[in-house]
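2 protein chains.
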Amino acid sequence: MRLIVIGGDAAGMSAASQARRRRGPDDLEILAFERGDYTSYSACGIPYWVGGLVDGPEALIARDPERFRQDRIEVRTGHEVTDIDLDRRTVTGRAGSRTFEEGFDQLVYAAGATPVRPPWAETPAGGVFGVQTLGDGAALRDWLAPGLSTAVVVGGGYIGVEMAEALVRRGLTVTLVEKAPQPMSTVDPDMGALVAEAVRGLGIDLRTGVTVSALETDGDRVRAVVTDAGTIPADVVVLGLGVRPNTALADAAGLPLGPTGGLVTDLRQQVTDGIWAAGDCTQVLHRVSGRPAHVPLGTHANKQGRVAGINIGGGYATFPGVVGTAITKICDLEVARTGLSSREADAAGYSYVTATIESTNRAGYFPGAVPMTVKVLAERGTGMLLGAQIVGRTEAAKRIDAFAVAVWNRMTVTEMTSLDLGYAPPFAPVWDPILIAARKVEQALGG
Amino acid sequence: MRLIVIGGDAAGMSAASQARRRRGPDDLEILAFERGDYTSYSACGIPYWVGGLVDGPEALIARDPERFRQDRIEVRTGHEVTDIDLDRRTVTGRAGSRTFEEGFDQLVYAAGATPVRPPWAETPAGGVFGVQTLGDGAALRDWLAPGLSTAVVVGGGYIGVEMAEALVRRGLTVTLVEKAPQPMSTVDPDMGALVAEAVRGLGIDLRTGVTVSALETDGDRVRAVVTDAGTIPADVVVLGLGVRPNTALADAAGLPLGPTGGLVTDLRQQVTDGIWAAGDCTQVLHRVSGRPAHVPLGTHANKQGRVAGINIGGGYATFPGVVGTAITKICDLEVARTGLSSREADAAGYSYVTATIESTNRAGYFPGAVPMTVKVLAERGTGMLLGAQIVGRTEAAKRIDAFAVAVWNRMTVTEMTSLDLGYAPPFAPVWDPILIAARKVEQALGG
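One line per chain: the protein sequences are A and B, in this order. In this text, residue positions in the first sequence follow full-length UniProt numbering: the first is 1, and each later residue adds one. In this text, residue positions in the second sequence follow full-length UniProt numbering: the first is 1, and each later residue adds one.
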């Protein structure tokens with residue numbers, strides 16, 4: 001029996017590892033193809049590597065091909081699969097100038113996602129980078145030679161903001177261009193305004209409501225970004241416009257794509273008999289909207305890959321979906337969200353109320369107490385918690401986990417006012433910010 | 001209509017405030033008696049005040065009598081209620097040399113708890129302190145004159161450990177005496193061993209398995225603590241032996257006490273018609289053991305008082321119990337627990353498995369990543385999470401909240417392996433410590 005894995009990052013290699021744990025090499029041969037040079041790495045760490053906060057690329061690699069080989073998992077880097085034949089159960093591809101063809105009994109499709117690259121970003125000139133793979137990070141780092149002075153980051157989501165900060169750390173003059181009125185559109189505009197303030201506090205020239213239309217180059221190198229509000233000099237351009245599921249091969253092979261563009265799997269991560277998919281190339285169930293969503297995060301990729309691998313290995317596991325949790329840090333500002341934002345709740349058709357409260361991370365009298373803003377959404381009628389957002393200066397973001405577990409369990413905000421959360425002066429006010437927020441939204445519901 | 005409140009701290013004054021919000025002064029007169037000098041204060045802050053980390057006592061007071069008077073809540077400090085007559089609906093008491101008697105329609109009993117003071121601690125000599133009220137804290141601070149050099153803290157629970165650290169900060173040579181083999185018996189012994197290490201790391205002479213039998217005094221002042229393992233010099237002795245519900249008056253009046261010694265209330269905090277109780281003098285439902293428990297924490301007192309006040313005010317609210325969450329900090333070591341410890345799970349009759357894992361607070365490669373130990377208990381058969389304990393160096397304790405919400409919702413550890421918790425390199429490894437722990441205990445269950 002032979003398992004082929006397409007994609008050597010979190011999802012694919014988690015699947016491989018879990019399958020191997022349950023089935024020995026005599027029972028199951030495992031062969032993984034990765035078109036890049038690296039396996040099982042933390043793409044989320046790239047901004048910190050670029051910014052010089054962490055070393056790379058080695059530090060960002062959880063397991064390299066040699067380590068997989070010790071577990072009898074054969075990984076071939078620099079191997080790009082170009083075709084899947086479901087009838088013949090073969091994949092074909094190329095490695096440099098060579099081509100290859102291999103047969104499989106089971107297949108894990110874990111090709112990840114590709115950065116959105118609008119037509120204006122297509123240029124033969126150097127200096128324009130997406131940030132998706134370790135290879136992208138390495139190329140960007142190589143580009144950042146002394147003498148460069150200006151950078152433009154296009155897109156103010158997580159990656160855009162993190163990359164803008166990284167480039168400031170590298171001494172560049174950074175402009176962040178976002179077409180929406182606020183950066184970080186995954187949180188509500190009032191919370192996004194706090195992010196905007198922090199971004200500007202870093203010395204980043206944040207330009208919102210601005211659309212990029214073209215690049216200026218000198219042929220070899222990018223020189224400027226042209227927008228509907230002027231031209232911005234740029235020795236380097238970073239694209240933070242989001243990613244799309246990388247499903248071209250799967251689509252060509254006839255595998256089903258959902259409305260998000262991601263592959264459709266069952267709860268066990270199976271697409272069709274013996275064909276599995278996991279990670280950024282798939283769509284997931286959003287447990288609050290009840291709809292499919294594309295949420296390209298390493299944490300989901302790892303879990304989905306593990307689930308696929310357990311099932312391939314003969315066990316039983318399911319991936320029951322996500323609740324939309326995400327956190328990030330901009331300088332010392334921590335931003336977190338879970339469930340649905342107002343925009344998402346509207347789109348899902350919920351009627352809801354919101355409440356926003358100001359509290360502190362520690363007892364107000366305790367040294368190091370700093371402000372924290374918490375916003376919550378609750379459904380009218382049921383009082384069910386729909387979502388929460390937190391912005392604070394320290395010890396803030398991971399508090400979203402308590403909300404995430406509450407959302408997962410469909411708690412009402414009334415029940416949440418009774419939650420038994422940890423209290424001690426170095427860690428929280430006696431009324432935890434979560435409890436204060438739950439009380440306030442309960443009031444807003446008329447309870 | 002007149003409401004009398006016995007006890008002017010968190011529970012009583014929360015009840016008064018909530019009742020006032022719903023019923024104006026023409027509708028409801030509110031009169032509160034506090035035998036001490038302070039109202040609505042953070043007793044949990046006392047160790048930090050004694051240690052000089054925070055100012056006091058003002059900073060620890062949330063609202064003083066003048067502030068309550070502005071809300072038309074009359075608070076009389078220095079007034080000790082000595083008798084409750086349920087038939088005549090009166091309380092009598094003394095204020096200095098005066099006596100008083102007042103009638104009520106509704107009564108909130110919120111007399112708090114009193115420190116356990118064994119017979120050996122009864123002495124006319126000065127220098128022996130419990131730590132329960134702001135008055136206790138003030139008296140201890142007054143005692144700590146220059147020239148004192150040795151302190152003995154008896155009892156290695158939260159207050160004992162926090163006070164030992166505070167006294168070290170004040171420059172004293174501190175011995176912490178605990179009769180159990182480990183300090184912090186609210187966590188399992190293996191986790192308590194980590195606490196013991198941190199306590200010793202502070203330069204505290206920790207003596208476990210040692211029982212105190214007497215004090216030595218020179219008549220005026222304590223001089224030493226006599227134990228079954230020798231005599232320890234002590235210019236000051238702090239008692240950290242826990243507290244008991246202060247129910248003498250309620251008991252004398254015929255109100256029902258439970259097996260924990262605390263007052264028995266219904267879900268709305270009512271004891272009997274028009275008689276309410278809240279805070280450290282009550283017992284609460286432990287939602288995991290299914291049994292009554294005495295859990296004297298300010299966070300519960302505030303919630304119970306709020307619930308009583310809402311109901312007195314004509315609204316509807318319930319206090320559905322606790323799940324045993326508690327957190328503390330010893331120097332830079334953070335300790336947290338929720339649900340049941342192994343000892344408590346045994347006592348409750350559960351059959352369970354445990355798993356302990358080592359992880360980090362941040363991605364392993366991120367600056368500031370430090371170790372964290374997580375232990376979880378899951379019921380055999382159902383796989384339900386019964387409890388969790390965390391010990392770490394930073395960004396550790398408040399992670400217990402996600403476990404607390406999971407325990408509250410009776411989640412299985414299998415479902416927990418799918419939880420959508422916040423991930424970003426500055427905040428967590430890609431497999432959050434909670435997920436790793438859930439996976440490990442699921443394995444231990446044979447899943």
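For glycine and all other residues, C-beta sits at the position ideal for the given N, C-alpha and C. Nothing here was measured: the structure is a model prediction, and the numbers come from that model.
What residues are listed by DSSP as bridge partners for residue i?
i: Phe33/B; result: Ile6/B, Arg76/B
i: Phe100/A; result: Gly93/A
i: Lys375/B; result: Thr356/B, Gln389/B
i: Asp228/A; result: Gly230/A
i: His286/B; result: Val322/B
i: Arg244/A; result: Thr114/A
i: Glu334/A; result: Lys329/A, Gly392/A
i: Trp276/A; result: Val108/A, Gln270/A
i: Gly339/B; result: Gly387/B
i: Ile84/B; result: Val91/B
i: Pro292/B; result: Leu285/B
If you draw a straight line from the C-alpha of residue i to the C-alpha of residue j, how long is it?
i: Tyr352/B; j: Glu344/B; result: 11 Å
i: Trp143/B; j: Gly127/B; result: 7 Å
i: Gly381/A; j: Leu53/A; result: 48 Å
i: Gln270/B; j: Ala110/B; result: 12 Å
i: Asp228/B; j: Glu178/B; result: 12 Å
i: Val370/A; j: Ala198/B; result: 27 Å
i: Ala404/B; j: Gly339/B; result: 7 Å
i: Lys329/A; j: Thr318/B; result: 38 Å
i: Ala424/A; j: Arg306/A; result: 37 Å
i: Pro426/B; j: Ala336/A; result: 13 Å
i: Val81/A; j: Thr360/B; result: 36 Å
i: Met411/B; j: Arg200/A; result: 42 Å
i: Val108/B; j: Ala326/A; result: 44 Å
i: Pro65/B; j: Asn409/B; result: 39 Å
i: Gly273/A; j: Leu255/A; result: The displayed chain sequence assigns Asp, not Gly, to residue 273/A. Answer to the nearest angstrom: the Cα atoms are 11 Å apart.
i: Thr175/A; j: Ala164/A; result: 8 Å
i: Pro25/B; j: Ser418/B; result: 52 Å
i: Tyr365/B; j: Glu334/A; result: 19 Å
i: Arg69/B; j: Glu29/B; result: 12 Å
i: residue 510/A; j: Leu206/A; result: Lying before the first or after the last residue shown, residue 510/A is absent from chain A, which here runs from 1 to 447.
i: Ala444/B; j: Gly309/A; result: 19 Å
Verify whether the separation of the beta carbon atoms of residue i and residue j is less than 9 Å.
i: Arg89/A; j: Phe104/A; result: yes
i: Phe129/B; j: Val238/B; result: yes
i: His79/B; j: Asp420/A; result: no
i: Arg2/B; j: Leu31/B; result: yes
i: Ala402/B; j: Ala59/A; result: no
i: Ala277/A; j: Thr260/A; result: no
i: Ser341/A; j: Gln389/A; result: yes
i: Leu386/B; j: Ala378/B; result: yes
i: Asp280/A; j: Asn246/A; result: yes
i: Ala125/A; j: Thr208/A; result: no
i: Val413/A; j: Met372/A; result: no
i: Val236/A; j: Thr150/A; result: yes
i: Arg67/A; j: Gly313/A; result: no
Using 8 Å for Cβ pairs, my map puts residue i next to residue j. What's the rounded Cβ distance?
i: Gly7/A; j: Gly112/A; result: 6 Å
i: Val407/A; j: Val288/A; result: 6 Å
i: Ala139/B; j: Tyr48/B; result: Rounded, the Cβ-Cβ distance is 17 Å, inconsistent with contact.
i: Gly298/B; j: Ala43/B; result: 6 Å
i: Ile73/A; j: Tyr41/A; result: 16 Å between Cβ atoms; not a contact.
i: Gly135/A; j: Gly36/A; result: 5 Å
i: Ile400/A; j: Gly422/B; result: 5 Å
i: Asp83/B; j: Val75/B; result: Wrong, their Cβ atoms sit about 20 Å apart, outside the cutoff.
Between residue i and chain D, is any beta-carbon pair separated by less than 9 Å?
i: Ala110/A; result: No chain D is present in this structure, whose protein chains are A and B.
*asked:* Does the structure place the region 214-227 of chain A close enough to the region 188-198 of chain A that three or more beta carbon pairs sit under 8 Å?
replied: At 8 Å Cβ cutoff, the stretches do not touch.
*Touch test, the region 320-332 of chain A against the region 291-300 of chain A, Cβ-Cβ under 8 Å, three pairs minimum*: Below 8 Å, enough C-beta pairs join the region 320-332 of chain A and the region 291-300 of chain A to call them touching: three or more.
*Within the chosen definition, does the region 147-167 of chain B reach the region 247-264 of chain B through at least 3 CB pairs nearer than 8 Å?*
They do not touch, by the three-pair rule.
*Does the region 268-283 of chain B come close enough to the region 158-171 of chain B that 3 or more CB-CB pairs lie under 8 Å?*
With a cut-off of 8 Å, the region 268-283 of chain B and the region 158-171 of chain B do not count as touching, because too few Cβ pairs lie within range.
*Taking three-plus beta-carbon pairs below 8 Å as touching, is the region 435-445 of chain A in contact with the region 8-21 of chain B?*
Because the criterion of three Cβ pairs below 8 Å is not met, the region 435-445 of chain A and the region 8-21 of chain B do not touch.
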